[in-house]
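Please read the structure below before turning to the comments.
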Amino acid sequence: MNPYTCPAVSAIVVNYNAGAFLGLCIERIRKSTPAVELIVVDNHSRDISKIWALGCNGRQNEKYIQNDRNLGFSAAVNIGASVASGDILVVINPDCLVWPHTIDRLCRLLKDQQEVGLVGGLVFGIHGREQAGCRRHDVTLIRTIGKMLGKFFPLRNMPTIDMTNEPMPQDSIDVDAVSGSFFAIRKSLYNELGGMDEDYFLHFEDLDLCRRVREAGSKVVFNPGVSAVHVGAVSSGVNSVEIARHKHHSLMTYFRKHSNRHSFVAYAISLMSQSHLKVKSLADLAKPEASCGKDPGQFEGSWPETNGNGVLVIGAQSRLVRSVVMRLAARGYVVFVETTDPQTAPRIPRVTWITSEYTAKVPDRDWPEFSCIICLGSADRLTTYQQRFAHRAFSLQLLLETRVEAKAVEQNSTDEKPPVSETTAGWLER
């Protein structure tokens with residue numbers, strides 16, 4: 048592509064104190080093929096993310112806009128859209144990680160099917176769980192109540208907004224709404240609709256936009272074949288109670304705008320919102336710190352590009368896995384470890400801890416380029432991967448540890464390097 052040709056796609060990133068996460072996001076977007084126009088709109092940040100935002104100033108196909116105050120998400124996206132050169136707008140949160148092919152694949156439906164007006168992809172959390180909101184039903188009073196009650200009664204099958212617990216479709220499907228953290232829309236349609244409604248400072252602006260897209264006669268589509276990783280809640284200096292207030296205010300705004308039974312719905316939602324906000328405020332008062340910002344160091348080295356040097360470790364149930372993983376990382380491998388409890392896993396450079404949900408749902412194209420899959424348990428797990436990824440080229444290693452070795456490892460908690468079987472050691476020393 049001619050370096051001076053204006054890209055057909057404009058990626059808009061709204062930043063507010065996202066810290067080093069913004070830098071990771073920008074670096075990934077810059078690797079997109081074909082290249083995209085990058086627009087960073089900063090809502091008056093006061094942390095290190097401002098340096099990353101300023102770095103876009105003067106670069107080819109990049110624009111930087113500094114607001115003199117925090118205008119909210121909707122207003123900032125509208126500002127970015129107003130200067131966008133591309134025919135398609137892609138909105139990406141500053142704590143989202145994409146792959147070089149992600150944006151192009153996300154936009155294909157918009158290019159190929161004129162009836163599609165807005166498309167969103169599969170959004171995973173930092174540990175590989177599907178995030179609520181990337182495929183959604185429309186917001187109704189019953190579904191809103193069901194979602195709130197579901198937090199207290201998780202095993203009950205209640206009507207809800209999110210489709211997370213529904214089977215993952217094999218192909219793209221029409222939905223009521225997708226996540227505002229990662230979606231694409233035609234600029235012509237966006238302008239026709241008047242952009243995002245700036246009555247929403249934070250939250251529900253994506254639901255509102257998706258609803259207006261459908262009311263305009265276009266489709267909102269969820270594409271499970273394209274994915275991104277979204278950390279979430281990374282802005283420093285933001286009080287969680289303040290966010291709750293914005294969320295409940297936006298919920299009220301949504302129902303006032305779209306419900307035909309304004310008085311009843313508004314009253315019911317108001318009662319729920321006030322009750323939930325009081326509970327949230329009391330809970331946060333008991334916390335030493337109510338800021339929502341996350342430490343980028345907590346995820347340092349997570350979700351790197353493997354470039355053919357990746358290893359997936361499965362069957363990780365004992366301390367034995369730590370020794371294997373550390374030795375792999377020390378030898379320069381990019382390691383992904385499937386575990387049942389990634390939140391409590393140790394922080395090791397070049398190691399990403401994920402759940403089995405990620406390996407089950409990730410699109411084939413987004414599956415990291417592993418050169419090897421190592422199983423520290425039953426061979427049945429290897430068979431599962433061999434069947435799913437039969438078209439991919441990687442070696443399968445079954446590194447079985449004896450029960451005696453595993454027991455010795457569990458008992459000797461002071462060992463920094465637990466013993467491993469001859470099979471395992473031999474492979475690691477290759």
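Residues 48 to 477 in our numbering are what the sequence shown lists, from first letter to last. Glycine included, each C-beta is placed from N, C-alpha and C at the ideal position.
Put leucine 256 into one of helix, strand or coil per three-state DSSP. Here leucine 256 sits in helix by DSSP.
Count the other CB atoms within 10 Å of the CB of glutamate 213; is the residue buried (16 or more) or exposed (fewer)? Around the Cβ of glutamate 213, a 10 Å sphere holds fewer than 16 other Cβ atoms; the residue is exposed.
In the DSSP assignment, find the unbroken alpha helix (DSSP H) run with tyrosine 237 in it and report its ends. Taken as a continuous stretch (DSSP letters only), the alpha helix (DSSP H) holding tyrosine 237 covers 234-239.
By the 10 Å Cβ neighbour count, where 16 or more other Cβ atoms means buried, how is asparagine 64 classified, buried or exposed? With 16 or more other Cβ atoms within 10 Å, it is buried.
Below 8 Å, how does it come out for the segment 78-91 and the segment 111-118: are there three or more Cβ pairs, yes or no? The segment 78-91, when compared against the segment 111-118, does touch it at the 8 Å Cβ threshold.
Using 8 Å as the Cβ pair cut-off and three pairs as the minimum, do the segment 120-131 and the segment 236-248 touch? Contact between the segment 120-131 and the segment 236-248 is present, with at least three C-beta pairs closer than 8 Å.
Determine the DSSP secondary structure at alanine 376, reduced to helix, strand or coil. Residue state, collapsed to three classes: helix.
Indicate whether the contact test is met: 3 or more Cβ pairs, each with one atom in the segment 158-166 and one in the segment 68-87, closer than 8 Å. Cβ pair count under 8 Å is below three, so no.
Enclosing alpha helix (DSSP H) for glutamate 74 [first to last residue]: Residues 67-77.
For aspartate 427, which three-state DSSP category applies? Helix.
Could you tell me the distance, in whole angstroms, from the CA atom of valine 360 to the CA atom of cysteine 422? The straight-line gap from Cα to Cα measures roughly 6 Å.
Taking DSSP as the reference, what is the three-state secondary structure of phenylalanine 251? DSSP places phenylalanine 251 outside both helix and strand once states are collapsed to three, so it counts as coil.
Since cysteine 154 is in the alpha helix (DSSP H), which residue starts that stretch and which ends it? Segment 149-159, the alpha helix (DSSP H) holding cysteine 154.
What residue from Glu74, Asp253 and Met373 has the CA that sits closest to tryptophan 146's CA? When each option's Cα is compared against that of tryptophan 146, the closest is Glu74.
Beta-carbon gap between valine 166 and valine 267 smaller than 9 Å: Contact annotation: valine 166 and valine 267 have beta-carbon atoms nearer than 9 Å.
Beta-carbon proximity list for phenylalanine 248, same chain, < 6 Å, skipping 5 on both sides: Only Gly119 and His293 meet the Cβ criterion.
Collapsed DSSP secondary structure at serine 297 in the structure displayed: DSSP, read as helix, strand or coil, puts serine 297 in helix.
Comparing C-alpha positions only, which one of Gly424, Arg428, Leu256 and Ala275 sits nearest to glutamate 177? Answer by Cα proximity: Ala275.
Sorted by chain position, which residues of the same chain lie with C-beta nearer than 6 Å to leucine 256's C-beta, five sequence neighbours on each side aside? Apart from the 5 residues on each side of it in sequence, leucine 256 sits with its Cβ closer than 6 Å to the Cβ of Met243 in its chain, given in chain order.
Verify whether the separation of the beta carbon atoms of arginine 183 and aspartate 218 is less than 9 Å. No, the pair does not count as a contact, with Cβ atoms beyond the cut-off.
Closest residue to tyrosine 380 among Thr387, Thr386 and Ile395 (Cα-Cα distance): It is Ile395.
May I ask you to list the residues that DSSP assigns as paired with threonine 399? In DSSP, threonine 399 forms a bridge with Phe383.
Look at the alpha carbon of threonine 187 and the alpha carbon of glutamate 239, and state the distance between them as a whole number of angstroms. Taking the straight line from one Cα to the other gives about 26 Å.
C-alpha gap between valine 163 and glutamine 107, whole angstroms: One C-alpha to the other measures close to 30 Å.
For isoleucine 112, report the span of its beta strand (DSSP E) as first-last. Element bounds for isoleucine 112: 109-113.
Along the chain, where does the beta strand (DSSP E) containing arginine 98 start, and where does it finish? A small fix is needed here, since residue 98 is isoleucine in this sequence, not arginine. Element bounds for isoleucine 98: not the beta strand (DSSP E) but the alpha helix (DSSP H), 96-101.
Is the separation between the beta-carbon of glycine 168 and that of phenylalanine 68 shorter than 9 Å? When the beta-carbon positions are compared, glycine 168 and phenylalanine 68 stay at least 9 Å from each other.
How would you call alanine 224, buried or exposed, if buried means at least 16 neighbouring beta carbons within 10 angstroms? Per the 10 Å Cβ criterion, buried.
Length of the line joining the Cα atoms of threonine 461 and tryptophan 350: Below a pLDDT of 50, predicted positions are generally treated as unreliable, and threonine 461, at 41, falls in that range; no measurement from the model is reported.
Rounded separation between isoleucine 59 and tyrosine 301 - CA only: Inter-residue distance for isoleucine 59 and tyrosine 301 is about 24 Å (C-alpha atoms, whole angstroms).
Starting from the Cα of proline 410, find the closest Cα among Pro216, Asn354, Val278 and Gly180 and give me that residue. The residue with the shortest Cα to Cα distance from proline 410 is Pro216.
Unbroken alpha helix (DSSP H) run spanning asparagine 125, endpoints: Unbroken alpha helix (DSSP H) run through asparagine 125: 120-129.
Tell me leucine 144's beta-bridge partners as DSSP assigns them. Answer is Val276.
Span separating the alpha-carbon of arginine 397 from that of glycine 175: Looking at the two C-alpha atoms, the distance is approximately 16 Å.
Does the beta-carbon of lysine 110 have 16 or more other beta-carbons within 10 angstroms, so that it is buried, or is it exposed? So lysine 110 counts as buried.
Between which two residues does the beta strand (DSSP E) containing alanine 58 stretch? Looking at the DSSP string, the run of the beta strand (DSSP E) that includes alanine 58 is 56-62.
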